[in-house]
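One structure is given here, and the rest of the page talks about it.
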Amino acid sequence: MEERLEMPEAGVRTVVLSDAAGLRVEFVERPGSSPVSHADPFTATAAQTFTHLALQVPNLDAAFTRLTVECGAGQVSPPAPGVTEGMRFAYVTDPEGNLLELIEMSRG
Numbered sequence: 001m002e003e004r005l006e007m008p009e010a011g012v013r014t015v016v017l018s019d020a021a022g023l024r025v026e027f028v029e030r031p032g033s034s035p036v037s038h039a040d041p042f043t044a045t046a047a048q049t050f051t052h053l054a055l056q057v058p059n060l061d062a063a064f065t066r067l068t069v070e071c072g073a074g075q076v077s078p079p080a081p082g083v084t085e086g087m088r089f090a091y092v093t094d095p096e097g098n099l100l101e102l103i104e105m106s107r108g
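1 is the number of the first residue of the sequence shown in UniProt numbering; add one for each residue after it.
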């Protein structure tokens, strides 16, 4: 985690995560907001809205553990093989219920 900001005047708080390559992802939470909930990634596509954000990560197991254990992300589906050879994926949710897909591509 790079930084955590509390903005009480706006009623939000943010967390910025970054990696060694310079990728920065900011998550914003508004306590009391209404989450959008989808049972799985395929059900989410039935609504005309943001369904999920996919992020490629170098180490899926480490990213999944960091997000779910250290950062409190919700577990939707644990790391598993994808339909494309050499791909693995997992799904988590952020504090507001947004669906995040983590993708790892083998270097082979």
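Even glycine gets a Cβ: it sits at the ideal position worked out from N, Cα and C.
Nothing here was measured: the structure is a model prediction, and the numbers come from that model.
Open item on the list: Buried or exposed for valine 92, going by 16 or more other Cβ atoms inside 10 Å?
Closed with: With a threshold of 16 other beta carbon atoms within 10 Å, valine 92 meets it and is buried.
TODO: Give the single residue among Ile103, Val25, Glu104, Asp94 whose Cα lies nearest to the Cα of serine 37.
DONE: Between serine 37 and the set Ile103, Val25, Glu104, Asp94, the nearest pair of CA atoms involves Asp94.
- [ ] Tell whether a beta-carbon distance below 7 Å holds between glutamate 104 and leucine 67.
- [x] With contacts defined by Cβ atoms closer than 7 Å, glutamate 104 and leucine 67 do not form a contacting pair.
Task: Straight-line gap, glutamate 70 to leucine 102 (C-alpha atoms, nearest Å) - done: About 16 Å.
Task: Reduced DSSP category for valine 83 - H, G, I as helix; E, B as strand; rest coil - done: It is coil, neither helix nor strand.
Open item on the list: Let me make sure I understand the geometry here. Which of Arg30, Glu3, Glu9, His52 has the alpha-carbon closest to that of leucine 17?
Closed with: Just measuring C-alpha positions, the residue of Arg30, Glu3, Glu9, His52 sitting nearest leucine 17 is Glu3.
TODO: Please name the residue, chosen from Arg30, Ala21, Gly22, Ala20, that lies closest to glutamate 9 on a Cα-to-Cα basis.
DONE: Looking only at Arg30, Ala21, Gly22, Ala20, the smallest Cα-Cα distance to glutamate 9 is reached by Arg30.
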